[in-house]
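Enquirer: With the UniProt record's numbering applied, the sequence shown has no gaps in its numbers, which climb one by one up to 81 at the end. Glycine is no exception: its CB is placed at the ideal position from the N, C-alpha and C atoms.
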Amino acid sequence: MVFEYGNPSRRNELADQLMGQIVPLCLPLYGCEVIQKVLHTIKPDQRVRLASELDGQVLRCVRNQNGNHVIQKGIHNIPAD
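1. Taking only three categories from DSSP, how would you classify ASP55?
2. Count the other CB atoms within 10 Å of the CB of LYS43; is the residue buried (16 or more) or exposed (fewer)?
3. Alpha carbon to alpha carbon, what distance is there between GLU53 and ASP45?
4. Please tell me whether LEU27 and GLY67 are closer than 7 angstroms, where the distance is taken between their beta carbons.
5. Between the Cα of VAL48 and the Cα atoms of ASN7, ILE78 and TYR5, which residue gives the shortest distance?
6. Skipping 5 residues on each side, what residues in its chain have a beta carbon closer than 7 angstroms to that of GLY31?
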């Protein structure tokens, strides 16, 4: 709920705390939903930082039903450059 209704500074603070945990969180169902919401609501520079954790893990994620959703959300919400 914080990522959906919380103030931006709190969302950004919580997103920073997720660093280092993105891949393990994107594979189970509820973690996948949280990471998708995070990618949708945080600042673009934070999206890029969080997405960088998926570097080298994309195949692992796309082979997982939940992780695949996170990769798709990342494609739609992370700037190409």
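Expert: From the atom records:
1. coil
2. exposed
3. 13 angstroms
4. In contact: LEU27 and GLY67 (Cβ atoms closer than 7 angstroms).
5. Ranking the options by Cα distance to VAL48, first place goes to ILE78.
6. LEU25
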